[in-house]
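Undergrad: Structure in structure tokens, see below.
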Amino acid sequence: MGEMDNAWTAVDDYLIERLVPEDEALAETRRSSAETVTPGIDVTANMGAFLALLVQISGAKRVLEFGTLAGYSSIWMARAMDDDGAVVTLDIDPAAAQVARRNFTAAGVAERVHVRVGPALESAQMLIEEQEEPFDLVFIDADKANNPHYLEASLTLSHPGTVIVIDNVVRGGAVVDEDSTDPDIQGIRTLMDRIETDERLTATALQTVGLKGWDGFLLARVN
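Position 142, counted from 1, in the sequence shown is what my numbering calls 448; the numbers after and before it change by one each time, with no gaps.
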């Protein structure tokens with residue numbers, strides 16, 4: 307880790323310490339990602355707080371999440387809702403879902419968060435076929451190669467005014483490499499191409515640096 311990376315981490319630590327206190331349930335959820343097949347890829351505490359603020363600012367009562375892991379971001383969003391709110395979160399890994407459900411109970415949001423286990427595209431298609439009520443906010447944070455497909459499913463499950471957040475769209479700057487053979491990079495680039503010409507969406511994207519290095523997220527609104 308270079309000097310600049312150390313500085314980014316120190317600033318994130320400072321901001322989180324001052325503005326984003328974690329209770330024990332959140333801290334344990336973050337630690338418990340070690341029990342999943344992809345440990346340590348949860349959002350940071352300040353990103354979790356950002357998602358919670360988006361829920362409150364948008365007045366979201368229904369949230370759809372692609373990628374549960376140990377449930378860290380789910381808890382932030384569920385806690386930002388009223389008691390009648392609901393988070394539907396999709397994950398392919400039954401073991402991760404089990405860890406997440408335990409964490410939801412400890413965090414006091416078990417009645418507000420519903421985990422669907424299986425490939426996220428299949429689960430989203432089931433929601434569409436079941437004519438699920440549209441979601442007010444969608445957070446996409448699963449395998450990046452499928453981002454264009456996740457977006458399309460999200461649009462079907464949205465309404466005008468729905469907020470869509472897509473994480474990890476910069477990938478240390480690799481997103482600008484049009485010749486990349488990485489499926490994740492190609493998935494992100496295809497996503498960007500589609501959003502650029504999709505009149506259903508108004509969007510922007512921001513780079514971030516910090517505890518997770520150099521990355522960024524995309525923020526969109528359904529028109």
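Virtual Cβ for every residue (Gly too), placed ideally from N, Cα, C.
1. Would you mind reading off the limits of the alpha helix (DSSP H) that contains residue 501?
2. List the whole-angstrom C-beta distance separating residue 422 from residue 394, where the pair is believed to meet the contact cut-off of C-beta under 8 Å.
3. Could you spell out where the beta strand (DSSP E) holding residue 372 opens and where it closes?
4. Can you find the residues in the same chain that come closer than 7 Å, C-beta to C-beta, to residue 428, ignoring five residues on each side of it along the sequence?
5. Using only the alpha-carbon positions, how far apart do residue 505 and residue 309 sit?
6. According to DSSP, simplified to helix, strand and coil, what is residue 508?
7. Given a cut-off of 9 Å on the beta-carbon distance, is the pair residue 476 and residue 514 in contact?
8. My output table needs one value for residue 317: the three-state DSSP class, helix, strand or coil.
9. Can you give the beta carbon distance from residue 452 to residue 472, rounded, assuming they're within the 8 Å contact cut?
10. Which class does residue 395 belong to by DSSP, given the choice of helix, strand or coil?
11. For the beta strand (DSSP E) containing residue 455, name the first residue and the last one.
12. Near residue 440, what residues of its chain come up, given a Cβ to Cβ distance below 8 Å and the 5 sequence neighbours on each side ignored?
13. My assumption, with CB atoms under 8 Å, is that residue 315 sits in contact with residue 516. Please give the rounded CB distance.
14. Span of the alpha helix (DSSP H) holding residue 527?
15. Tell me which residue opens and which closes the beta strand (DSSP E) that residue 445 is part of.
16. Starting from residue 418, follow the beta strand (DSSP E) in both directions and report where the run begins and ends.
17. Buried or exposed: which applies to residue 371, given that a residue is buried once 16 or more other Cβ atoms fall within 10 Å of its Cβ?
18. What's the call for residue 350, buried or exposed, on a 16-neighbour Cβ count within 10 Å?
19. Is residue 378 buried or exposed, if buried means 16 or more other CB atoms sit within 10 Å of its CB?
20. Of the choices 356, 437, 324 and 339, whose alpha-carbon is the least far from that of residue 384?
TA: Result, derived from the coordinates:
1. 489 to 503
2. 7 Å
3. 368 to 372
4. none
5. 42 Å
6. strand
7. yes
8. helix
9. The Cβ separation is near 11 Å, so there is no contact.
10. strand
11. That residue, residue 455, is in no beta strand (DSSP E); its alpha helix (DSSP H) goes 453 to 462.
12. 368, 463, 464, 465 and 468
13. 7 Å
14. No alpha helix (DSSP H) holds residue 527; the beta strand (DSSP E) holding it covers 519 to 528.
15. 443 to 446
16. It is not in any beta strand (DSSP E) - residue 418 carries neither H nor E in the DSSP assignment.
17. buried
18. buried
19. buried
20. 356
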